[in-house]
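Last residue of the sequence shown: 263 (this note's numbering), numbering continuous.
In this text, a Cβ means the ideal position worked out from N, Cα and C, and glycines have one as well.
None of these values were measured; they are calculated from a predicted model.
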Amino acid sequence: MDKLEMRHTLLAAKARKKMSWDDIGKAVGMSPVWVASACYGMNSASSDVAHQICDTLGVESDVAEALVAFPTKAWDEAIPQDPFIYRLYEVVGVYGETLKDVVQEKFGDGIMSAIDFTMEVDKIEDPKGDRVLLTLNGKFLPYKSW
């Protein structure tokens, strides 16, 4: 089974069981954002976690083998059409250079890791309309001079 077939199988099982990513994350003891990313094929899971995900969703063990496989982290290079994903693309387009400059003023010349990294999604209730809080937490990696 490849990552694409795994993705379709897991998303269908999630829908069939009417589970949220929070539900699945709690069941396997992992972040719901990370679990979703692994199920979409963008991260690999340990064998234990892969089998826990499969047990939670009631899918066969061949899916666990695909969850354990190292992914190719690539995506469509076209501008995203989904409105939510496009807004994130827009945020990086509008604020990317600003964020880079502010981070480098605080840390020096380098990048934020997406490997030593966590992400959280929270809901902030507001009478004017609920708000989305995205927290990106990555290790700073300074560029090396040699």
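Residue pairing by DSSP places Met-236 opposite Leu-253 in a beta bridge. The residue among Val-176, Gly-255 and Ile-241 with its C-alpha nearest the C-alpha of Val-249 is Ile-241.
Taking C-beta atoms as the reference points, Leu-128 and Val-176 fail to come closer than 8 Å. Here Lys-131 is buried: its Cβ has 16 or more other Cβ atoms, across all protein chains shown, within 10 Å.
Ranking Ser-161, Ala-181 and Met-229 by CA distance to the CA of Leu-258 puts Met-229 first. Counting along the chain, Phe-187 sits inside no alpha helix (DSSP H), nor does DSSP assign it H or E at all. As DSSP reads the structure, Leu-258 sits in a beta bridge with Ile-228. Rounded to whole angstroms, the Cβ separation of Ser-178 and Cys-171 is 6 Å, and the two are in contact under 8 Å.
Judged by DSSP in its simplified three-state form, Ile-202 adopts helix. Of the residues Ala-153, Asp-165, Gln-169 and Ala-155, the one whose Cα lies closest to the Cα of Ala-144 is Gln-169. Collapsing the DSSP output to three states places Ile-170 in a helix.
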